[in-house]
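**Student:** Just passing along the structure, written as C-alpha cells.
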Amino acid sequence: MAKEKVITAKELTKKFGDFVAVDKITFDVEKGEIFGFLGANGAGKTTAMRMLCGLSLPSSGQATVAGFDVYKENEKIKKNIGYMSQKFSLYEDLTIVENIRFYAGIYGLKDDKIKDKTASLIKELHMEGSEKALVRSLPLGWKQKLAFSIAIVHEPAIVFLDEPTGGVDPITRREFWGLIYEASGRGITIFVTTHYMDEAEYCNRVSVMVDGRIDALDSPANLMKQYDSKSMDGVFLQLARKAVRKGD
Amino acid sequence: MKQFLIFIKKEWLHIWRDRRTLVILIWMPVIQILLYGFALTNEVKNSKFAIFDQSRDEATKTISAEIAASRYFSLWKNVYSYDDIGATFRQGKIRLAVVFPRNFRYDLLHTNHAQIQLIADASDPNTANMLTNYATSIINDYQATLNRDVAMPYSITTQTRMLYNPELKGAYSFVPGVMALVLMLVCAMMTSIAIVKEKEMGTMEVILVSPMKPFKIIIAKTIPYLFVSMLNIACILLLSVFVLDVPIVGSLCLLIGESVLFTVTALSLGILISNGAKTQRTAQFASMMSLFLPTLLFSGFLFPVENMPWPLQVISNVVPAKWYYIIVKNIMIKGLGFSYVWKETLILVGMTVVLLGISIKNFKIRLA
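Protein chains in written order, with our numbering: chain A, 13 to 260; chain B, 6 to 373.
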C-alpha cells in the first residue's frame, strides 16, 4: 500500500546569482517517516530546508509540503509544519511555561488547549516544579527536549529539525531520539538534518547532498551495503570526498 | 620583551581590522572639529527680522538700513501693523521685529530722545538675547554718530519685549529638545536591538516559519516601546510643568497626539535599522550614528539650524527630530494650534509611511 507523501520535491533548484546552491534535487518523504537529510557543510542542506519551510522561494522546480505548493500556498504550509533551529529557538529570558504559551499562541492554539498542552508537556518532560525557571538556567539536554516539544506543540504534519543535537553529549542525544521516535509513532513526519552519522542510522531513509545535488537516497542499511561499509560514516566519507565545494 | 611586542602587534591588528571602530577613532574627531568649527555655532547670523516703521523718516530709514546691512540680520519683510507682527512671529518666519514709533525723527530732534521697540521670539531665549543685543548695539552705533560734535547728546533707547518666554528661561527651548532626544533614543535604539536580538538568538527563524504574518510581527514588536515612550513623555511633561515651571500653553491633546506620531516615526527608523543589522552591536552603532547624533546636532535645540551652511540645513530636513522640535515648541511654548503645525505634521507622517513601507518590504524580501 503506497504511503501518503508529505513532502515532494521535483528538480528543486535555488540559485544565488550564478551560484547554484541547490541543484535540481528530487525526492519524496512519506508520512510518519524519519527522513535524514545529510551533507557536508556548504552542500546546500540548509538552503534546501529553507525552501521547504517557506523561508525562501525556489529559483525553479516544484515542491509540495503537507500537500501544499511552496510557491503559492506558503501560508498553509506554515500552519502545518513545526521547526526547531540549531540554536534551539527558545527565549532564554522567559520561563518554560512562558515559552510554551508563546509558541502555542502564535501557532493559533486556543486558550484552553494551550493550558492543557502546557500541563501535559511539563508532565511528559518531567519538568514539574521547574515551570517558573528561566530557560537560561536549564541544562542543555532539557532545553533541547523542550525546544522539540514546542516545535510540535500544534501537532503538525511534519517537523523540520535543523541539526538539533549540536553540542550535546551522546546520552542526551539518545534520549532526544527517543522523543523523535515517539513523535514519529504518533504520525508526525520527521525531517532532520544532522552531521552525526550514527544518528543517520536511526532514520528510516537518508539522503546525502553533495555540491547541491542529492547523490544518494535510500535506507541506511541499503546504502551501507551499496557502498560496502559497516557504518554510515564510511558511506558519507566516500560520497563527500567527491565534493568540489569547500565547507562553510 | 619579544613576548610583549608580539602581544602589542596582535592588539594593533585587532584595531586595524575592525573597520567600524577605526572609523570612530580616526574620522570622528576630524568630522567633529569641522562640524563644530564651521557649522555648529551659537552665533546667529543672517537672522530674519521684520520692520514696523510708523515714521518712515530719514532716521528710521537709516537705522533700518544699517540693521539690514549687518551680517547678523537679513530683512524678511516690512510689516504695517502689530497684528502683522504677531502673525509673522507665529508663522516662525522671524526672530526679531523692530518697531519705530510715529514721529521718530521729530521726537529725536525736538526732545533729544526717542525710543525703539524690539520684539524678540524668546522661545529660544539664547538667540533672542543675542539678537536684541546685536540690534541694540547697532542702534547705539547710530546714536554715537549722531552725537559727534554735538552739545546736547541724543539718546535712543530700546524697549525690549520677549515673546512667549518673558523670563527668558532656558528650559523653554531645552524641554522640547529633550523630548525629541529621549523619544528618538528610546524608540529607535530599543526597537533596533529588539529585532536583531531575535536574529542573534535564532528564534527569528522559528517565528518566520510560523503562521504569524511579518507585518504583524513588526507591529507587535513596537507596541511595548510605544507604551514606554508614552510613559517617558508623561514624565517629562509632568517634571517640566511642575518642577521647571515650563507651561504647556497650547493644547495638551495636540501635543500628545504629535508625540505619538513622532514616536511611531522613531520606531519605524528603529525597525529599518533592525532589518539591516546582523548583530546587536551593529544595530546600536547604527542607531547612535544615524539617530542620536543627528538629533542632537540638527534638531535645532542646541544649535540654530538657520545659521548652518546651506548643505547642512538640507541634511537637517531629513532628521525627523527637527520637525518634531518645531511642532513641540509651537504648541508648548507659543500655544499655537494645528493650523500652524500641519505642514510639519504632514512631513512626519510622510516619513513614517516611507520608513515603515521600506521596513516591511525589506522584511519580506529576506524571506524570498
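Note that CB positions come from ideal geometry on N, CA and C, so glycine has one too.
#1: Contact between the stretch 99-116 of chain A and the stretch 51-62 of chain A: three or more CB pairs below 8 Å?
#2: Determine the chain B residues that contact Q98/A at a beta-carbon separation under 7 Å, and present them in chain order.
#3: Here's the rule I'm using: 16 or more other beta-carbon atoms within 10 Å means buried, otherwise exposed. How should N145/B be labelled?
#4: Do you know offhand how far Y115/A's Cα is from Y177/B's?
#5: Beta carbons nearer than 7 Å to chain A: which residues of the stretch 299-329 of chain B have them?
#6: With a CB to CB cut of under 8 Å and the five nearest residues on each side skipped, what residues in its chain are close to F188/A?
#7: Assign A92/B to one of two classes, buried (16 or more other C-beta atoms within 10 Å of its C-beta) or exposed (fewer than that).
#8: Can you tell which of E143/A, I118/A, V218/A has its C-alpha closest to the C-alpha of T130/A?
#9: On the DSSP letters alone, give me the boundaries of the beta strand (DSSP E) that A102/B sits inside.
#10: If I follow the unbroken alpha helix (DSSP H) through M2/B, where does it start and stop?
#11: Using the three-state DSSP reduction, which class does E172/B fall into: helix, strand or coil?
#12: Using a beta-carbon distance below 7 Å, is S101/A in contact with chain B?
#13: Please confirm if R215/B has its CB atom under 7 Å from at least one CB of chain A.
#14: Do S69/B and M194/B have their C-beta atoms closer together than 7 Å?
#15: For the beta strand (DSSP E) containing G51/A, name the first residue and the last one.
#16: Can you list, in chain order, the residues of its chain whose CB lies under 8 Å from that of I203/A, leaving out five sequence neighbours each side?
#17: V211/B versus chain A: which residues are under 7 Å apart at the beta carbon?
#18: Determine the burial state of T284/B: buried for a count of at least 16 other Cβ atoms within 10 Å of its Cβ, exposed for fewer.
#19: Can you tell me whether Y41/B is buried or exposed? The criterion is at least 16 other CB atoms within 10 Å of its CB, across all chains shown.
#20: Do the CB positions of C44/A and S196/A come within less than 7 Å of each other?
#21: Which stretch, first to last residue, makes up the alpha helix (DSSP H) that contains Y330/B?
#22: Which chain B residues sit within Cβ distance under 9 Å of E264/A?
#23: Please state whether DSSP places A156/B in a helix, a strand or coil.
#24: Judging by CA-CA distance, which residue of Y330/B, L186/B, S256/B is the nearest neighbour of G342/B?
#25: Is N170/B closer than 7 Å to A127/B when the C-beta atoms are compared?
#26: Determine the chain B residues that contact I118/A at a beta-carbon separation under 8 Å, and present them in chain order.
#27: Can you name, in chain order, every residue of its own chain whose Cβ lies under 6 Å from the Cβ of N216/A, other than the five neighbours on each side?
#28: To the nearest angstrom, how far is the alpha carbon of A373/B from that of E167/A?
#29: Any idea if E194/A is buried or exposed, counting beta-carbon neighbours within 10 angstroms, 16 or more meaning buried?
#30: Shorter than 7 Å from the beta carbon of L265/A to some beta carbon of chain B?
#31: Note down the Cα distance separating A255/A from D223/A, rounded to an integer number of angstroms.
#32: Return no unless some Cβ of chain B is closer than 7 Å to the Cβ of K127/A.
#33: What separation, rounded to the nearest whole angstrom, lies between the Cα atoms of Q96/B and V104/B?
#34: Go to N108/B, then tell me how far its alpha helix (DSSP H) extends in each direction, as first and last residue.
**Tutor:** In short:
#1: The stretch 99-116 of chain A vs the stretch 51-62 of chain A: no contact.
#2: To locate residue 98/A, count along the first sequence from 1; it is residue 86. Going along chain B in sequence order, the residues near Q98/A (Cβ under 7 Å) are G207.
#3: The sequence position of residue 145/B within the second sequence is 140, counting from 1. So N145/B ends up on the exposed side.
#4: Locating residue 115/A in the first sequence gives position 103, where the first residue counts as 1. Locating residue 177/B in the second sequence gives position 172, where the first residue counts as 1. Y115/A and Y177/B: Cα-Cα distance of roughly 48 Å.
#5: Within the stretch 299-329 of chain B, no residue qualifies.
#6: As a first step, residue 188/A is located in the first sequence; it is residue number 176 there, counting from the start. G153, Q156, K157, F160, P176, T177, V180.
#7: Here residue 92/B refers to the residue found at position 87 when the second sequence is read from its first residue. Exposed, since its Cβ has fewer than 16 Cβ neighbours within 10 Å.
#8: As a working mapping, residue 130/A is identified with position 118 in the first sequence. Of the candidates E143/A, I118/A, V218/A, the one whose C-alpha sits nearest the C-alpha of T130/A is E143/A.
#9: As a position in the second sequence, residue 102/B is number 97, starting the count at 1. Per DSSP, A102/B belongs to the beta strand (DSSP E) from 101-105.
#10: Limits of chain B in this structure are 6 at one end and 373 at the other, which puts residue 2/B out of reach.
#11: Counting from 1 along the second sequence, the entry for residue 172/B is found at position 167. In the displayed model, E172/B falls within coil according to three-state DSSP, outside both helix and strand.
#12: To locate residue 101/A, count along the first sequence from 1; it is residue 89. Yes, its Cβ sits closer than 7 Å to a Cβ of chain B.
#13: Locating residue 215/B in the second sequence gives position 210, counting from the first residue. The amino acid occupying residue 215/B in the given sequence is Ser; Arg does not appear at that position. It does: the Cβ of S215/B has a partner Cβ on chain A nearer than 7 Å.
#14: Here residue 69/B is taken as the residue at index 64 of the second sequence, counted from 1. Here residue 194/B is taken as the residue at index 189 of the second sequence, counted from 1. At the C-beta level, S69/B and M194/B stay beyond 7 Å of one another.
#15: Translated into the one-based positions of the first sequence, residue 51/A becomes position 39. In the DSSP assignment, G51/A falls within the beta strand (DSSP E) that extends over 46-51.
#16: Mapped onto the first sequence, residue 203/A falls at position 191. Note that residue 203/A is Phe in the sequence shown here, rather than Ile. Cβ within range, chain order: I19, V41, F47, F49, M61, L64, I170, V171, F172, L173.
#17: Here the question's residue 211/B lines up with position 206 in the second sequence. Neighbours of V211/B on chain A, chain order: Y95, S97, S101.
#18: The sequence position of residue 284/B within the second sequence is 279, counting from 1. Counting every other CB atom within 10 Å of its CB across the protein chains shown gives T284/B a total below 16, marking it as exposed.
#19: Here residue 41/B refers to the residue found at position 36 of the second sequence. The C-beta of Y41/B has fewer than 16 other C-beta atoms within 10 Å across all chains shown, which makes the residue exposed.
#20: Within the first sequence, residue 44/A is the residue found at index 32, counting from 1. Within the first sequence, residue 196/A is the residue found at index 184, counting from 1. Here the sequence assigns Gly to residue 44/A, which means Cys is not the residue at that position. Yes.
#21: Taking the second sequence and counting its residues from 1, the one referred to as residue 330/B is at position 325. Segment 325-333, the alpha helix (DSSP H) holding Y330/B.
#22: There is simply no residue 264/A to check, as chain A begins at 13 and stops at 260 in what is shown.
#23: In the second sequence, residue 156/B corresponds to position 151, counting from 1. Correct three-state label for A156/B: coil.
#24: Within the second sequence, numbered from 1, the residue matching residue 342/B stands at position 337. Of the candidates Y330/B, L186/B, S256/B, the one whose C-alpha sits nearest the C-alpha of G342/B is S256/B.
#25: Position 122 of the second sequence, counted from the start, is the residue given in the question as residue 127/B. Position 165 of the second sequence, counted from the start, is the residue given in the question as residue 170/B. Going by C-beta atoms, A127/B is nearer than 7 Å to N170/B.
#26: Residue numbering aside, residue 118/A sits at position 106 when the first sequence is read from its first letter. Ordered by position in chain B, the residues that pass the 8 Å Cβ test against I118/A are I212, S215, P216, M217.
#27: Sequence index remark: in the first sequence, residue 216/A carries index 204 (1-based). Short of 6 Å from the beta carbon of N216/A, and not among the five residues preceding or following it, lie these beta carbons of its own chain, in chain order: E45, I46.
#28: What you label residue 373/B is simply residue 368 of the second sequence in a count that begins at 1. What you label residue 167/A is simply residue 155 of the first sequence in a count that begins at 1. The predicted position of A373/B is uncertain, since its pLDDT is 46 and thus under 50; no value can be drawn from it.
#29: Against the first sequence, residue 194/A aligns to sequence position 182. The residue is exposed, with fewer than 16 neighbouring Cβ atoms inside 10 Å.
#30: Because chain A in this structure spans residues 13 to 260, residue 265/A falls outside the shown range and cannot be described.
#31: Start at 1 with the first residue of the first sequence, and residue 255/A comes out as number 243. Start at 1 with the first residue of the first sequence, and residue 223/A comes out as number 211. Each residue's Cα considered, the two are about 6 Å apart.
#32: Within the first sequence, the letter at position 115 stands for residue 127/A. Contact of K127/A with chain B is not assigned, every C-beta pair being separated by 7 Å or more.
#33: Counted from its first residue, the second sequence places residue 96/B at position 91. Counted from its first residue, the second sequence places residue 104/B at position 99. Looking at the backbone, the Cα of Q96/B and that of V104/B are separated by about 18 Å.
#34: Your numbering for residue 108/B matches position 103 in the second sequence. Careful: N108/B lies outside any alpha helix (DSSP H) and carries neither H nor E.
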